[in-house]
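Trainee: Would you mind keeping the following structure in view while I ask a few things?
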Amino acid sequence: MNFLRGVMGGQAAGPQPSGAETIHKLCDRVASSTLLEDRRDAVRALKSLSKKYRLEVGTQAMDHLVNILQTDRSDSEILGYALDTLYNILCNDEEEEQDESEDAVTPISASGKPKNASSPDETAQKQSDDLGAQFTEQFVQDPEHVTLLLALLEEFDFHVRWPGVKLLTALLKNQGVQVQGIILVSPMGVSRLMDLLADSREVIRNDGLLLLQQLTKSNAAIQKIVAFESAFERLLDIITEEGSSDGGIVVEDCLLLLLNLLKNNSSNQNFFKEGSYIQRMKPWFEIGDDNSGWSAQKVTNLHLMLQLVRVMVSPVNSPGATSSCQKSMYQCGLLQQLCTILMATGVPADILTETINTVSEVIRGSQVNQDYFASVNAPSNPPRPAIVVLLMSMVNERQPFVLRCAVLYCFQCFLYKNQKGQGEIVATLLPSTIDANSISAGQLLCGGLFSADSLSNWCAAVALAHSLQDNLTQKEQLLRVQLATSLGKPPVSLLQQCTNILSQGSKVQTRVGLLMLLCTWINNCPIAVTHFLHNQENVPFLTAQISENLGEDERLVQGLCALLLGICIYYNDNSLENYTKEKLKQLIEKRIGKENFVEKLGFITKHELYSRAAQKPQPVFPAPEQMLFDHEFTKLVKELEGVITKAVHKSNEEEKKEEEVKKTLEQHDNIVTQYKELIREQDSQIQELKEQVESMSSQNEQMQTTVSQQLAQIQQHKDQYNILKLKIGKESQSNGQVDVSQVNGLQTEELTQLREEVEELRKQHALFQTQLGDKDALISALRSETADSSAGGSDHTELLKELEALRNQVQAQSAEINQMQTERQELLRRAEAGSSDEVSGSGGSLEAGATAEVESRLAAQTAETEILKEAAKGLSESRAELEQQLAAATSTVAILQTEKAKLQTEVQESKKEQDDLLMLLADQDQKIHSLRLRLKDLGEPVDDEDDLDCRDQTDEEDYEEDDEKEEDKDEN
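Here it is in structure tokens:
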């Protein structure tokens, strides 16, 4: 302990040990002491020396400190000392005073400049950085060290958790990629770090934000994990709690972390949108009426919030995702809130500039958002459209350069894929729509186009070119614009005035802007090319510009002149005799030379500013004089350079061949179009046929259901009939003697009831035939539509088999009818005999004949129902092959209908004959009864009633046995 006291502060007698020796002794004490208090004091001493003797402590004590972290987990105080010592070794003191802004987006100060802290001694700082990087590399060589730190973060003790967070942050700053890989594969590694945001101690939570910022840098996998650990919800809650844009540095850290998670990460962007987090951004941009006195922190926060909105709708995102976010921002009112800031007063210049850029990307390519922006008015008297107010700032040379660039970008985004907006802008230039009492967008553009400020010339020319982009109608409309140059002189066209300014030799920036406007104007517009060539001075001016050997600054102008002349050749309709394609190519060959022309044309893409403008749509230039190229124009150059080169080198014969090929292709396209229309018609017809087949299938199912119900009713009638027979038999046996007239009366009632039921079944049968007739008509209609289809031989064979089966069924019914006629004749013969034996027998024959008649009718009806069921089933099976079986099915149905008609006629005739037979049998029965009474009166011997009853009962039983046998046969 005396030794430690000497080290910590007391002056000991004798020579003082050096720092390295002291550190060596402290390391020995940490490694060899058995008492926890001694080790704790030694580690505390190392912590106090770690800043002054960073190199010595790092080289000698690092392993001992890691060992302390592993073995002394139970003592939070020694763990805190060890973690602080490691942090002092690995981290640079100077970095604590800097705002490390290597994130995806650089924070902006109140002055609009990035925060860049400069070190007073760059050499010392570099050495310190190298030392921290070396110690970090040594520490992370063993991944278990990082895993150990992650485990220590679960300790709730403030003296352990906070130094652990700072140490892990320093490791990520020095060796980010390697530490990210270790954390990514560590079980629950990212989840442990996310728990820091829920810590109730603000110091740990705020340092946890800094840790997550370093963790999510340039690592999409970790970004996704953090996002799905409810990072968006927690960060937005913290921003709200801290006061949104009025909050402090914590809000800035949350916004930087959100930017890391969302930028260039489509998965997280989609998750952010689907989670309805865009709606939670709207309150950020609610500003009061008093906008004076914006703090630097508020400016930074709002700047980052605007950048967060831009990340969601950036042009580099996929079009579908951008469109979806734009729609959400309009629906939740975020776009309206941004436009409110845009038109507000007292807003700082850099916030206003960033707001204009944000609104630009929110409306870019979205028709609904563009229409809303066109309806926004500035709070002025009288109210003016926001577009007009912004254009006034763009053509005003006293406005800041970045603000003018932002307004140009906003105007470009407003017109991007917006033909309606393009028409409205061009309409303000036409004579019929000009209002002398108000300032229009067209007037501002013309004023900027011909002003003395070259930057205004360039911006107005590019803005006007975007009004014509990919819009042939507006290119032709703009040819109607006439300008009054001075009093007493006739007006000249806008096209002619642009060429006049070119020939006057103005500044390079002005000429570049006008040439880009002219190239965009006459591109793919033969009428505009004709108007341009109609001026006799234009072509000589272009050839003179291209052929001259000018300085480096003029090369870009020469290249643009070559591009303009090449467009005149490529889109020339040969309507002017002096400037046909062939004559212009001869002029180039004589005055310039084809190779020289192509070389001058290549100056455009070789310019150093061309590639910078081609990277992204937003015009970002370090200085006004470097503002030469427009993003959309670079696309046009890339598209036209190759075709113009080919057009210049082509001969007249090759052009004729190419025109013939074009005509052939057009004819081919016309033929293809006709075939496409035919295919569409056939598709619609096929769809209609499918619908008809579906309706027929549903009708067939309904018919099958009806047939099933009828079969059930027939079965029910059979059961009722059997019950009645049993009931009659039982009554006959119990009563002994039954009056024949009563029995006959009972049988007559039963027969009447059965006849009514059979008649009902016949009516249903007729209904089925009507439905089959409707189907036959529908089949005939389908057959006429698909006459080109033919049925195969196998299908004819199957239909013939079905026809043969139906014929067999008809023959069976005919045989049953013949049998019924034979029984009727037998009954008549017995009735005419008149003997007493025949009387008793005729009574039984009457009853048996009636029973046989009913059963035969029921059997016939059952057979007919079975035929209907089979016919319906055959229709449902053959419907899938309608196109192949229509012709054969039509003939088959006709034959079936003929045979059914015959069968119905025969059934009706049989019914009438059987009714007559019943009447005759009733009369014979009465006559026999009267004769029997007369014989009794005359004293002639007559059989007793008991004998007759016994005979009748015996005959009845015989007939019942015969009926049961016949029913068994029918069922088999």
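If you read the sequence shown in my numbering, its first letter stands for residue 67, the second for the next number, and so on. Just so it is clear, CB atoms sit at the ideal spot from N, CA and C, and this is done for glycine as well. It should be emphasised that the depicted structure is a prediction, and the values quoted were computed from it without experimental measurement.
1) Quick check on ARG106: does DSSP put it in helix, strand or coil?
2) Give me the DSSP bridge partner(s) of LEU549.
3) Taking only the alpha-carbon atoms, compute the straight-line gap between GLN488 and ALA594 and give it to the nearest angstrom.
4) What does a CB cutoff of less than 7 Å around VAL709 pick up in its chain, not counting 5 residues either side in sequence?
5) Rounded to a whole number of angstroms, what is the C-alpha to C-alpha distance between THR151 and SER311?
6) Taking 8 Å as the cut-off, decide whether the C-beta atoms of ALA529 and MET582 are in contact.
7) Which partner residues does PRO606 have in the DSSP bridge list?
8) Taking only runs that begin and end inside the stretch 218–289, name each unbroken alpha helix (DSSP H) of 4 or more residues, in chain order.
9) For the stretch 557–565 against the stretch 586–604, are there 3 or more C-beta pairs whose distance is under 8 Å?
10) Give me the Cα-Cα distance between TYR343 and LYS483, rounded to the nearest whole angstrom.
11) Just mark ASN133 as buried or exposed, buried being the case when its beta carbon has 16 or more other beta carbons within 10 Å.
12) Can you tell me which of THR235, ASP261 and VAL245 puts its alpha carbon nearest to the alpha carbon of LEU277?
13) Verify whether the separation of the beta carbon atoms of LEU218 and LEU145 is less than 8 Å.
14) Can the beta-carbon of THR609 be found closer than 8 Å to that of ILE658?
15) Taking C-beta to C-beta, are MET378 and TRP350 nearer than 8 Å?
16) Would the stretch 428–439 and the stretch 392–410 be scored as touching if the rule is three or more Cβ pairs under 8 Å?
17) Do the stretch 445–459 and the stretch 503–511 touch if we need at least three Cβ pairs shorter than 8 Å?
18) Among PHE477, GLN207, ASN272 and GLU203, which residue has its Cα nearest to the Cα of ASN240?
19) According to the neighbour-count rule (16 or more other Cβ atoms, all chains shown, within 10 Å of its Cβ), is GLN681 buried or exposed?
20) Specify whether the stretch 280–294 and the stretch 319–333 touch according to this definition: at least 3 beta carbon pairs, one from each stretch, less than 8 Å apart.
21) State the beta-bridge partners of ALA444 as determined by DSSP.
22) From PHE480, ASP519 and SER498, pick the residue whose C-alpha is nearest to that of PHE467; which is it?
23) Can you give me the start and stop residues for the alpha helix (DSSP H) that LYS651 sits inside?
24) With DSSP collapsed to three states, give me the class of SER856.
25) I need the DSSP call for CYS157, collapsed to helix, strand or coil.
26) Is it true that the CB of ALA713 sits closer than 8 Å to the CB of GLY632?
27) Helix, strand or coil, according to DSSP, for ALA410 in the structure here?
28) What's the gap between the Cα of ARG450 and the Cα of SER504?
29) Please report how far the alpha carbon of GLU754 lies from the alpha carbon of GLN748, in whole angstroms.
30) So, is PRO253 buried or exposed, given that buried needs 16 or more other C-beta atoms within 10 angstroms?
31) List the endpoints of the continuous alpha helix (DSSP H) containing HIS600.
32) Suppose contacts are defined by Cβ-Cβ distances below 8 Å. Is GLN624 in contact with PHE695 by that definition?
33) Would you say THR565 and ASN589 are within 8 Å of each other, going by their C-beta atoms?
34) Could you tell me if PRO497 is buried or exposed, where buried requires 16 or more neighbouring beta carbons within 10 angstroms of its beta carbon?
35) What does a CB cutoff of less than 6 Å around THR586 pick up in its chain, not counting 5 residues either side in sequence?
36) ARG267: which of HIS225, VAL96 and LYS117 sits nearest, CA to CA?
Mentor: According to the data block:
1) The three-state reading of DSSP puts ARG106 in helix, counting H, G and I together.
2) VAL558, per the DSSP bridge assignment.
3) Cα-Cα distance, rounded: 17 Å.
4) Answer for VAL709: TYR636, listed in chain order.
5) When rounded, the distance between both Cα atoms is 37 Å.
6) Going by C-beta atoms, ALA529 is not nearer than 8 Å to MET582.
7) As far as DSSP is concerned, PRO606 takes part in no beta bridge.
8) Taken in chain order, the unbroken stretches of alpha helix (DSSP H) that lie wholly in the stretch 218–289 and span 4 residues or more are 224–240, 242–251, 255–260 and 268–281.
9) They touch, by the three-pair rule.
10) About 28 Å.
11) An exposed status is given to ASN133, since fewer than 16 other beta-carbon atoms sit within 10 Å of its beta-carbon.
12) Ranking THR235, ASP261 and VAL245 by Cα distance to LEU277 puts THR235 first.
13) For LEU218 and LEU145, yes; Cβs fall inside 8 Å.
14) Contact flag set, yes.
15) For MET378 and TRP350, no; Cβs fall outside 8 Å.
16) Enough Cβ pairs lie closer than 8 Å, so yes.
17) Taking 8 Å as the limit for Cβ pairs, the verdict is that the stretch 503–511 does touch the stretch 445–459.
18) Taking each of PHE477, GLN207, ASN272 and GLU203 in turn and checking the Cα distance to ASN240, the smallest one comes out for GLU203.
19) Result: exposed.
20) Yes: at least three Cβ pairs fall under 8 Å.
21) The partner list for ALA444 (beta bridge, DSSP) reads ARG450.
22) The residue with the shortest Cα to Cα distance from PHE467 is ASP519.
23) Taken as a continuous stretch (DSSP letters only), the alpha helix (DSSP H) holding LYS651 covers 647–653.
24) Residue placement at SER856 is flagged as unreliable, the pLDDT there being 43, under the threshold of 50; the coordinate-derived value follows with that caveat. Under the three-state reduction of DSSP output, SER856 falls in the coil class, being neither helix nor strand.
25) Residue state, collapsed to three classes: coil.
26) With contacts defined as CB atoms closer than 8 Å, GLY632 and ALA713 qualify as a contacting pair.
27) Of the three classes helix, strand and coil, the one that applies to ALA410 here is coil, per DSSP.
28) When rounded, the distance between both Cα atoms is 9 Å.
29) GLN748 has its alpha-carbon roughly 10 Å from the corresponding atom of GLU754.
30) Exposed, because fewer than 16 other Cβ atoms sit within 10 Å of the Cβ of PRO253.
31) Per DSSP, the continuous alpha helix (DSSP H) segment holding HIS600 begins and ends at 592–600.
32) Taking 8 Å as the Cβ cut-off, GLN624 and PHE695 do not qualify as a contacting pair.
33) For THR565 and ASN589, no; Cβs fall outside 8 Å.
34) PRO497 should be labelled exposed.
35) Excluding sequence positions up to five before and after THR586, its CB lies within less than 6 Å of the CB of ALA531 and LEU534, all in the same chain and listed in chain order.
36) Considering only alpha carbons, the answer is HIS225.
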